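S.K.: Structure below; questions to follow.
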Amino acid sequence: LWMICSHLTDGYATAAVVIGSRLFGAGRKRELINLSRALVGVGVVTGALFSAILIAGESGIPNLYTRDEATKSALLSSGVWRVLVNAQPVNAACFVYDGFIYATHSFEYIREVMASGVGLVFLPALFFANRPTASLRGIWTAKLALNVWRVFWLAARVHVWLPTQELERVLEPDSSSEEDDGNYDED
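If you read the sequence shown in this note's numbering, its first letter stands for residue 112, the second for the next number, and so on.
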């Protein structure tokens, strides 16, 4: 269930990579920033819709995955379901921002965000969320905490750092093709 929303929002992330890379390489910063706002917004709305679906389908959706009553009871009564519901908009934003990080070639940055997030957020959250005993809820809570960390720092990269950068055009139009018309739908 955690990943269902991911598969749909990965389409937005792919658009961020493909279109964002072209805009970044062409030095078209303003269009890249506008694209980021639009795709992140659509991603978060998609995540919120998935949260609403999970809330509305709380009594029926687990039946699609298991017939075991103990498993369904553990999922619903342990708080795991609530973590899944709350995670959807955060995960959607995180995955879309990943696309923009790749589009801007910020690989070292994402490495540092992940490494620091695991050490400063995920592991402590995993430790404290699993007290007094380890639980699936504790594991998913730690994963959600890591994604909140990632969203914060990835959003900072896209919405705070990127607007201050002077982008150079690194992609030159192919001499055998027409001048870049900005239409990326057919490429």
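By construction, the Cβ of each residue, glycine as well, lies at the ideal position given by its N, Cα and C atoms. Here the structure is a predicted model, which is why all the values come from computation and not from measurement.
#1: Leaving aside the five residues before and after Trp260 along the sequence, list all residues of the same chain whose C-beta is less than 7 Å from its C-beta, in chain order.
#2: Would you report the Cα separation of Thr125 and Ala163, rounded to the nearest angstrom?
#3: Near Val155, which residues of its chain fall below 7 Å by C-beta distance, leaving aside the five closest residues on each side in sequence?
#4: Alpha carbon to alpha carbon, what distance is there between Trp264 and Leu257?
#5: How many Å lie between Glu180 and Ser170 at the Cα?
#6: Tell me whether Ala167 sits in a helix, a strand or coil according to DSSP, three-state version.
#7: For Pro235, count the other beta carbons within 10 Å of its own beta carbon; 16 or more makes it buried, fewer makes it exposed. Which is it?
#8: By a C-beta neighbour count over all protein chains shown, 10 Å radius and 16 as the cutoff for buried, is Trp272 buried or exposed?
#9: What is the DSSP secondary structure of Asn299, counted as helix, strand or coil?
#10: Per DSSP, what kind of secondary structure is Leu278 in: helix, strand or coil?
#11: Keeping to the same chain, check which residues put their C-beta closer than 7 Å to that of Tyr213; ignore five residues upstream and five downstream.
#12: Let me know if Leu165 comes out buried or exposed under the rule of 16 or more other beta-carbons within 10 Å of its beta-carbon.
#13: In the DSSP assignment, the alpha helix (DSSP H) including Leu186 goes from what residue to what residue?
#14: Assign Tyr208 to buried or exposed, taking buried as 16 or more other Cβ atoms, counted over all protein chains shown, within 10 Å of its Cβ.
#15: Within this structure, are the beta carbons of Ser188 and Arg248 separated by less than 8 Å?
#16: From Ser288 to Ala137, what does the alpha carbon distance come to, in whole angstroms?
#17: Using three-state DSSP, classify Ser217 as helix, strand or coil.
#18: Using a 10 Å radius around the Cβ and a threshold of 16 neighbouring Cβ atoms, would you call Arg148 buried or exposed?
#19: Alpha carbon to alpha carbon, how far is Ser246 from Val269?
#20: To which residues of the same chain is Glu297 closer than 8 Å at the C-beta, ignoring the five residues directly before and after it?
M.R.: Inspection of the coordinates gives the following:
#1: Counting from one through the sequence shown, the residue named residue 260 turns up at place 149. The answer, listed in chain order, is Gly228, Val232.
#2: In the sequence shown, counting from the first residue as 1, residue 125 sits at position 14. In the sequence shown, counting from the first residue as 1, residue 163 sits at position 52. The alpha-carbon atoms of Thr125 and Ala163 are separated by roughly 24 Å.
#3: For the purposes of this step, residue 155 is taken as the residue at position 44 of the sequence shown. Excluding sequence neighbours, Val155 sits near Pro200, Ala203, Ala204.
#4: Taking the sequence shown and counting its residues from 1, the one referred to as residue 257 is at position 146. Taking the sequence shown and counting its residues from 1, the one referred to as residue 264 is at position 153. Spanning the two alpha carbons is a distance of roughly 11 Å.
#5: For the purposes of this step, residue 180 is identified with residue 69 of the sequence shown, where counting begins at 1. For the purposes of this step, residue 170 is identified with residue 59 of the sequence shown, where counting begins at 1. Rounded to the nearest angstrom, the two C-alpha atoms are 12 Å apart.
#6: Indexing the sequence shown from 1 puts residue 167 at position 56. Looking at Ala167 - three-state DSSP - the assignment turns out to be helix.
#7: Counting from 1 along the sequence shown, the entry for residue 235 is found at position 124. Result: exposed.
#8: As a first step, residue 272 is located in the sequence shown; it is residue number 161 there, counting from the start. Under this definition Trp272 is an exposed residue.
#9: Given that the chain is displayed from residue 112 to residue 298, the structure contains no residue 299 and the question cannot be resolved.
#10: Working through the sequence shown from its first residue, we reach residue 278 at position 167. Coil, per DSSP.
#11: Position 102 of the sequence shown, counted from the first residue, corresponds to residue 213. Here the set comprises Val128.
#12: One-based indexing of the sequence shown puts residue 165 at position 54. So Leu165 counts as buried.
#13: The count along the sequence shown starts at 1 and reaches residue 186 at position 75. Leu186 -> alpha helix (DSSP H) spans 180 to 188.
#14: One-based indexing of the sequence shown puts residue 208 at position 97. Per the 10 Å Cβ criterion, buried.
#15: Here residue 188 refers to the residue found at position 77 of the sequence shown. Here residue 248 refers to the residue found at position 137 of the sequence shown. Cβ atoms of Ser188 and Arg248: not closer than 8 Å.
#16: Taking the sequence shown and counting its residues from 1, one reaches residue 288 at position 177. Taking the sequence shown and counting its residues from 1, one reaches residue 137 at position 26. With a pLDDT of only 44 at Ser288, under the threshold of 50, the placement of this residue in the model should not be trusted, and no figure is reported.
#17: The residue labelled residue 217 in the question sits at position 106 within the sequence shown. DSSP places Ser217 in coil when its eight states are reduced to three.
#18: As a position in the sequence shown, residue 148 is number 37, starting the count at 1. Exposed is the call here.
#19: The residue you call residue 246 lines up with position 135 of the sequence shown. The residue you call residue 269 lines up with position 158 of the sequence shown. Each residue's alpha carbon lies about 35 Å from the other.
#20: Mapped onto the sequence shown, residue 297 falls at position 186. In this predicted model, Glu297 has a pLDDT of only 44, less than 50, meaning its place in the structure is not dependable; the value taken from the coordinates is given anyway. Hits under 8 Å: none found.
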